[in-house]
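Chemist: So that we are looking at the same thing, I have put the structure below in structure tokens.
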Amino acid sequence: MTAILKKPAFLASAEARAVLALFLVFLLGLIFNGDGAFLQAGTHRDALRQASVTGILACGMTVVILAGGIDLAAGSILAFSAISFSIFAIWWAWLPFLAIVAAIGCGLACGVVSGSLTSGLRIQPFIATLAMMVFARGLAKSISGGVKVSTSLPNADGTYHSIQLPAIFRQIDSRFAGDNISVVTLIFLMCAALCWVLLSRHRFGQYVYAVGGNEEAARLSGVPVGMTKIAAYAISGAMAAIAGICQAAQEQQGDPEAGSGYELTAIAMVVIGGTSLTGGRGGVGLTLLGTVIIGYLEKILSINAVPEANRLMLTGVIIVLAVLTQRRGGRGA
Amino acid sequence: MRKLEVGMIAVLMMLSGCGGASTVKTGEKSKTHWKVGMSQCNLGEPWRVQMNSDIRTAAAAFPDMEVIFKDAQNDTLKQRSHIEEFVSAKVDLLLVSPNEAQPLTEPVAKAHAAGIPVIVLDRALMGEQFTTFIGADNRKIGQAAGQWIVSKTGGKGDVVELKGLMTSIPAQDRDAGFREAIRGAGLTIVFEADMKWLEAQARKEMESALARFPKIDVVYAHNDPGAHGAYLASKAAGREKQMLFVSIDALPQEGQSYVRDGIVNATFLYPTGGKEAIYTARQILQGQSVPRKITLQSRVFTKENVDRGGDPIELK
Numbered sequence: 000m001t002a003i004l005k006k007p008a009f010l011a012s013a014e015a016r017a018v019l020a021l022f023l024v025f026l027l028g029l030i031f032n033g034d035g036a037f038l039q040a041g042t043h044r045d046a047l048r049q050a051s052v053t054g055i056l057a058c059g060m061t062v063v064i065l066a067g068g069i070d071l072a073a074g075s076i077l078a079f080s081a082i083s084f085s086i087f088a089i090w091w092a093w094l095p096f097l098a099i100v101a102a103i104g105c106g107l108a109c110g111v112v113s114g115s116l117t118s119g120l121r122i123q124p125f126i127a128t129l130a131m132m133v134f135a136r137g138l139a140k141s142i143s144g145g146v147k148v149s150t151s152l153p154n155a156d157g158t159y160h161s162i163q164l165p166a167i168f169r170q171i172d173s174r175f176a177g178d179n180i181s182v183v184t185l186i187f188l189m190c191a192a193l194c195w196v197l198l199s200r201h202r203f204g205q206y207v208y209a210v211g212g213n214e215e216a217a218r219l220s221g222v223p224v225g226m227t228k229i230a231a232y233a234i235s236g237a238m239a240a241i242a243g244i245c246q247a248a249q250e251q252q253g254d255p256e257a258g259s260g261y262e263l264t265a266i267a268m269v270v271i272g273g274t275s276l277t278g279g280r281g282g283v284g285l286t287l288l289g290t291v292i293i294g295y296l297e298k299i300l301s302i303n304a305v306p307e308a309n310r311l312m313l314t315g316v317i318i319v320l321a322v323l324t325q326r327r328g329g330r331g332a
Numbered sequence: 000m001r002k003l004e005v006g007m008i009a010v011l012m013m014l015s016g017c018g019g020a021s022t023v024k025t026g027e028k029s030k031t032h033w034k035v036g037m038s039q040c041n042l043g044e045p046w047r048v049q050m051n052s053d054i055r056t057a058a059a060a061f062p063d064m065e066v067i068f069k070d071a072q073n074d075t076l077k078q079r080s081h082i083e084e085f086v087s088a089k090v091d092l093l094l095v096s097p098n099e100a101q102p103l104t105e106p107v108a109k110a111h112a113a114g115i116p117v118i119v120l121d122r123a124l125m126g127e128q129f130t131t132f133i134g135a136d137n138r139k140i141g142q143a144a145g146q147w148i149v150s151k152t153g154g155k156g157d158v159v160e161l162k163g164l165m166t167s168i169p170a171q172d173r174d175a176g177f178r179e180a181i182r183g184a185g186l187t188i189v190f191e192a193d194m195k196w197l198e199a200q201a202r203k204e205m206e207s208a209l210a211r212f213p214k215i216d217v218v219y220a221h222n223d224p225g226a227h228g229a230y231l232a233s234k235a236a237g238r239e240k241q242m243l244f245v246s247i248d249a250l251p252q253e254g255q256s257y258v259r260d261g262i263v264n265a266t267f268l269y270p271t272g273g274k275e276a277i278y279t280a281r282q283i284l285q286g287q288s289v290p291r292k293i294t295l296q297s298r299v300f301t302k303e304n305v306d307r308g309g310d311p312i313e314l315k
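In order, the protein sequences belong to chains A and B. Here the first sequence stands for residues 0 to 332, where the numbers follow numbering that gives the first Met the number 0. Here the second sequence stands for residues 0 to 315, where the numbers follow numbering that gives the first Met the number 0.
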């Protein structure tokens with residue numbers, strides 16, 4: 000039995016298995032192509048753009064999961080940063096660069112707090128980031144006054160007037176390379192590249208894998224465990240902020256309800272890619288594949304106009320199948 | 000100390016149901032300061048934020064009236080405790096926009112039985128244990144949107160319907176009314192999707208619709224953000240000029256702004272009833288009788304009429 004289940008040699012690496020899962024999803028798209036919609040270039044551009052915001056969250060999530068943690072606050076920090084960015088750029092008319100840096104700072108600060116709660120006060124990551132998830136959502140609602148931050152501003156008499164949307168919003172939501180690639184997708188790829196460099200080409204990466212693999216051993220061999228964890232959550236917070244800026248740009252407004260539940264999609268992307276939830280094993284390259292797999296899955300369900308109930312059930316089934324494909328073959332299973 | 004004792008006695012009297020509550024109420028009636036409790040089911044939606052803001056604005060005109068707001072954050076049991084808190088705080092009148100009908104019917108009935116007049120807003124309750132209901136009719140507004148689309152297109156064309164959360168009654172009604180109105184005309188719904196009231200979701204679904212259908216004539220979205228998301232998707236595909244965008248809600252900062260900016264062609268007001276609630280509350284508090292049910296009228300906003308506040312629509 001195990002002999003039959005044993006995977007062929009070319010599926011020995013997690014990357015190869017993730018590529019296989021992606022290939023299967025593609026096949027699904029070719030079969031259920033929505034009257035040929037799947038065969039159009041625009042569909043692929045849009046699928047990648049749609050997956051980008053959660054993909055950026057997933058990059059930060061990968062770092063935290065590799066370090067043996069989890070970040071449930073990512074979706075809320077996204078909303079808080081989207082609101083901050085919209086307030087800075089629309090209401091206060093800051094320079095785009097300044098608004099972006101300040102918004103990323105907001106997300107980073109949230110991440111530092113989450114990290115300090117887990118490493119300093121020794122609160123379990125699940126609880127610490129759950130607390131941050133609730134808190135950051137409240138913060139988003141509080142600074143926005145509970146309404147969307149948009150170009151339409153209230154007059155004293157209860158009516159509204161519109162102001163100009165800052166150009167940065169349209170720039171982030173534009174496309175290049177002959178209209179074939181979204182700027183948001185490029186931002187996602189840059190975030191993934193940044194995380195990859197940090198994890199694979201930098202001492203910080205070794206620390207992350209060491210802490211996630213065996214925290215005690217890492218501590219004994221002189222790894223600064225506390226700082227590594229704080230840095231991991233800070234990166235996740237900063238990534239959530241970048242995702243928030245992209246979300247705000249695409250909606251042309253900051254929505255305090257934005258991104259709720261996105262953290263779970265991001266976690267699914269990380270796991271489907273093949274990064275282990277127990278920490279220490281995996282990488283951001285896998286998350287890139289996981290993001291594309293989930294992104295295409297959503298797109299295929301959408302172009303076929305599958306009803307919501309069936310969509311949810313199918314997504315559940317396909318996540319299980321993708322994770323099974325991803326599982327190590329033979330004895331490792 | 001004395002105050003506390005009196006309060007405790009009052010509570011005991013209410014608990015034992017010996018008619019203490021009505022005595023308390025007549026006592027308060029002679030006062031010139033009304034305390035009104037407003038139990039909102041969820042402030043996560045801009046439309047409900049608008050409802051609270053309409054109530055606040057209308058009440059601000061009356062210095063003898065104070066409104067206390069509570070937000071149940073979509074949690075029915077939390078709303079139940081809010082209603083109970085208002086009863087024990089002895090408000091003079093209760094405004095409630097219930098999260099769900101069944102579980103909140105009884106708490107509201109108890110408040111009503113304790114002698115507190117109750118105005119139910121937007122979502123109905125079961126039975127008769129409240130003073131009056133103020134709300135609009137989503138089905139009729141959906142119909143009005145359908146009729147408008149039929150008249151603008153001459154009854155021909157391909158429609159994309161971006162639906163609100165289809166497990167919610169408003170989305171079901173906006174869908175049903177629309178379909179009734181276009182039945183028999185030559186309009187075909189070629190693509191429909193549940194965008195759950197969310198702009199980002201609407202944009203995704205619209206991109207799929209655009210990829211599948213080279214010709215789309217009308218987008219009917221169940222709320223303003225839905226139409227806005229669909230517009231952005233169509234604009235990115237360079238096809239926004241080929242279609243009409245129609246939505247419901249017409250919030251001043253959303254739908255009405257979008258109409259002014261040429262993004263949405265028509266948006267239909269789903270009134271919050273906030274202002275009407277305060278006026279009705281005053282009538283009740285001053286001892287006047289009010290109808291059991293007040294149905295709010297909708298208005299249509301287009302580029303031509305948005306600056307004069309839209310036009311009333313004939314709901315057939």
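Each residue gets a CB set at the ideal place from its N, CA and C atoms; glycine is no exception.
Any chance the region 106 to 119 of chain A sits against the region 228 to 244 of chain A, with 3 or more Cβ pairs inside 8 Å?
Modeler: Touching, yes.
Chemist: Give the C-beta separation of Glu-262(A) and Gly-74(A) to the nearest angstrom, bearing in mind that I take them to be a contact with Cβ-Cβ under 8 Å.
Modeler: Numbered from its first residue, the first sequence carries residue 262(A) at position 263. Numbered from its first residue, the first sequence carries residue 74(A) at position 75. So it is a contact: roughly 4 Å between Cβ atoms.
Chemist: Between the region 36 to 58 of chain A and chain B, which residues of the former have a C-beta closer than 7 Å to a C-beta of the latter?
Modeler: Within the region 36 to 58 of chain A, the residues whose Cβ lies closer than 7 Å to some Cβ of chain B are Ala-36, Gln-39, Gly-41, Thr-42, Asp-45 and Gln-49, listed in chain order.
Chemist: Can you give me the C-alpha to C-alpha distance between Ile-55(A) and Ile-241(A), rounded to a whole angstrom?
Modeler: Numbered from 1 along the first sequence, position 56 holds the residue referred to as residue 55(A). Numbered from 1 along the first sequence, position 242 holds the residue referred to as residue 241(A). Taking the straight line joining both Cα atoms gives about 7 Å.
Chemist: Report yes if the C-beta distance between Asp-248(B) and Asp-223(B) is below 7 Å; otherwise report no.
Modeler: The sequence position of residue 248(B) within the second sequence is 249, counting from 1. The sequence position of residue 223(B) within the second sequence is 224, counting from 1. Against a cut-off of 7 Å, the Cβ pair of Asp-223(B) and Asp-248(B) comes out as a contact.
Chemist: Helix, strand or coil for Val-23(B)? Go by DSSP, reduced to three states.
Modeler: Indexing the second sequence from 1 puts residue 23(B) at position 24. Reliability fails at Val-23(B), whose pLDDT of 36 lies under 50, so the model's placement of it is uncertain and no value is given.
Chemist: Check whether the region 42 to 51 of chain A and the region 290 to 299 of chain A are in contact - that is, three or more C-beta pairs closer than 8 Å.
Modeler: Yes: the two stretches touch, three or more of their Cβ pairs being nearer than 8 Å.
Chemist: Going by the DSSP bridge assignment, what does Glu-191(B) pair with across the sheet?
Modeler: As a first step, residue 191(B) is located in the second sequence; it is residue number 192 there, counting from the start. The partner list for Glu-191(B) (beta bridge, DSSP) reads Glu-160(B).
Chemist: Less than 7 Å between CB atoms is the rule here; does Lys-203(B) satisfy it with respect to chain A?
Modeler: Counting from 1 along the second sequence, the entry for residue 203(B) is found at position 204. Chain A, which has a Cβ nearer than 7 Å to the Cβ of Lys-203(B), makes this yes.
Chemist: Beta carbons nearer than 9 Å to chain A: which residues of the region 190 to 217 of chain B have them?
Modeler: Listed by position along the chain: Phe-190, Glu-191, Ala-192, Asp-193, Lys-195, Leu-197, Glu-198, Ala-199, Arg-202, Lys-203, Glu-204, Glu-206, Ser-207, Ala-208, Leu-209, Ala-210, Arg-211 and Phe-212.
Chemist: I believe Ala-248(A) touches Ile-171(A) by the beta-carbon criterion, under 8 Å. Please report the beta-carbon distance rounded to the nearest angstrom.
Modeler: Within the first sequence, residue 248(A) is the residue found at index 249, counting from 1. Within the first sequence, residue 171(A) is the residue found at index 172, counting from 1. About 4 Å separates the two Cβ atoms, so the contact holds.
Chemist: So, is the C-beta of Leu-42(B) closer than 7 Å to a C-beta in chain A?
Modeler: Counted from its first residue, the second sequence places residue 42(B) at position 43. By this cut-off, Leu-42(B) is an interface position.
Chemist: Does Val-299(B) come within less than 7 Å of chain A when only Cβ atoms are used?
Modeler: Here residue 299(B) corresponds to residue number 300 of the second sequence, with the count starting at 1. False, the Cβ-Cβ gap to chain A never drops below 7 Å.
Chemist: I'd like to know whether the C-beta atoms of Cys-58(A) and Met-238(A) end up nearer to each other than 7 Å.
Modeler: For the purposes of this step, residue 58(A) is taken as the residue at position 59 of the first sequence. For the purposes of this step, residue 238(A) is taken as the residue at position 239 of the first sequence. Against a cut-off of 7 Å, the Cβ pair of Met-238(A) and Cys-58(A) comes out as a contact.
Chemist: Over what stretch of residues does the beta strand (DSSP E) that includes Met-64(B) continue unbroken?
Modeler: Your numbering for residue 64(B) matches position 65 in the second sequence. Note, Met-64(B): beta strand (DSSP E), 64 to 70.
Chemist: Got a sec: is the Cβ-Cβ distance from Val-117(B) to anything in chain A below 7 Å?
Modeler: Residue mapping note: residue 117(B) aligns to position 118 of the second sequence, counting from 1. Output row for Val-117(B): interface = no.
Chemist: Report the rounded CA-to-CA distance for Gln-72(B) versus Leu-285(A), giving the unit in angstroms.
Modeler: Within the second sequence, the letter at position 73 stands for residue 72(B). Within the first sequence, the letter at position 286 stands for residue 285(A). If you take the alpha carbons of Gln-72(B) and Leu-285(A), they lie about 38 Å apart.
Chemist: Taking only beta carbons into account, state which residues of the region 148 to 172 of chain A come closer than 9 Å to chain B, listed in chain order.
Modeler: Cβ contacts with chain B come from Ser-149, Thr-150, Ser-151, Leu-152, Pro-153, Gly-157, Thr-158, Tyr-159, His-160, Ser-161 and Asp-172.
Chemist: In this structure, does DSSP put Tyr-278(B) in helix, strand or coil?
Modeler: Position 279 of the second sequence, counted from the first residue, corresponds to residue 278(B). If DSSP states are grouped into helix, strand and coil, Tyr-278(B) belongs with the helices.
Chemist: Between Leu-197(B) and Ser-80(B), what straight-line distance do the alpha-carbon atoms span, to the nearest angstrom?
Modeler: Here residue 197(B) corresponds to residue number 198 of the second sequence, with the count starting at 1. Here residue 80(B) corresponds to residue number 81 of the second sequence, with the count starting at 1. Going by the C-alpha atoms only, they are around 29 Å apart.
Chemist: Rounded to a whole number of angstroms, what is the C-alpha to C-alpha distance between Ser-275(A) and Thr-314(A)?
Modeler: Taking the first residue of the first sequence as position 1, residue 275(A) is located at position 276. Taking the first residue of the first sequence as position 1, residue 314(A) is located at position 315. Using only the alpha carbons, I get a separation of about 20 Å.
Chemist: Output yes if chain B places a C-beta closer than 7 Å to the C-beta of Ser-301(A); else output no.
Modeler: Walking along the first sequence from the start, residue 301(A) turns up at place 302. Yes, Ser-301(A) lies at the interface with chain B (some Cβ there is under 7 Å from its Cβ).
Chemist: So, is the C-beta of Ser-87(B) closer than 7 Å to a C-beta in chain A?
Modeler: Stepping through the second sequence from its first residue, residue 87(B) is reached at position 88. So, not an interface residue.
Chemist: Take the Cβ of Ala-88(B) as the centre, count every other Cβ of all protein chains shown within 10 Å, and call the residue buried at 16 or more, exposed below.
Modeler: Translated into positions along the second sequence, residue 88(B) becomes position 89. The residue in question, Ala-88(B), is exposed, as its Cβ has fewer than 16 Cβ neighbours within 10 Å.
Chemist: Pairs of beta-carbons, one from the region 145 to 162 of chain B and one from the region 234 to 248 of chain B, closer than 8 Å: are there three or more?
Modeler: Judged by Cβ distances under 8 Å, the region 145 to 162 of chain B makes contact with the region 234 to 248 of chain B, as three or more pairs qualify.
Chemist: Locate the alpha helix (DSSP H) running through Ala-166(A), then write down its first and last residues.
Modeler: Sequence index remark: in the first sequence, residue 166(A) carries index 167 (1-based). Here the alpha helix (DSSP H) through Ala-166(A) covers 166 to 171.
Chemist: Looking only at its own chain, which residues have a Cβ that is under 6 Å from the Cβ of Ser-80(A), when we skip the five neighbours before and after it?
Modeler: Indexing the first sequence from 1 puts residue 80(A) at position 81. Closer than 6 Å at the Cβ level, and outside the excluded window around Ser-80(A), lie Ala-102, Cys-105, Gly-106, Ala-240 and Gly-243.
Chemist: Please identify the residue among Pro-124(A), Phe-168(A) and Thr-61(A) whose C-alpha is closest to the C-alpha of Pro-95(A).
Modeler: Translated into the one-based positions of the first sequence, residue 95(A) becomes position 96. That would be Phe-168(A), whose Cα lies nearest to the Cα of Pro-95(A).
Chemist: With a CB to CB cut of under 6 Å and the five nearest residues on each side skipped, what residues in its chain are close to Ser-173(A)?
Modeler: Working through the first sequence from its first residue, we reach residue 173(A) at position 174. Same-chain partners within the cutoff: Val-182.
Chemist: Hey, is Pro-270(B)'s beta-carbon within less than 7 Å of any beta-carbon in chain A?
Modeler: As a position in the second sequence, residue 270(B) is number 271, starting the count at 1. No, Pro-270(B) does not count as interfacial toward chain A.
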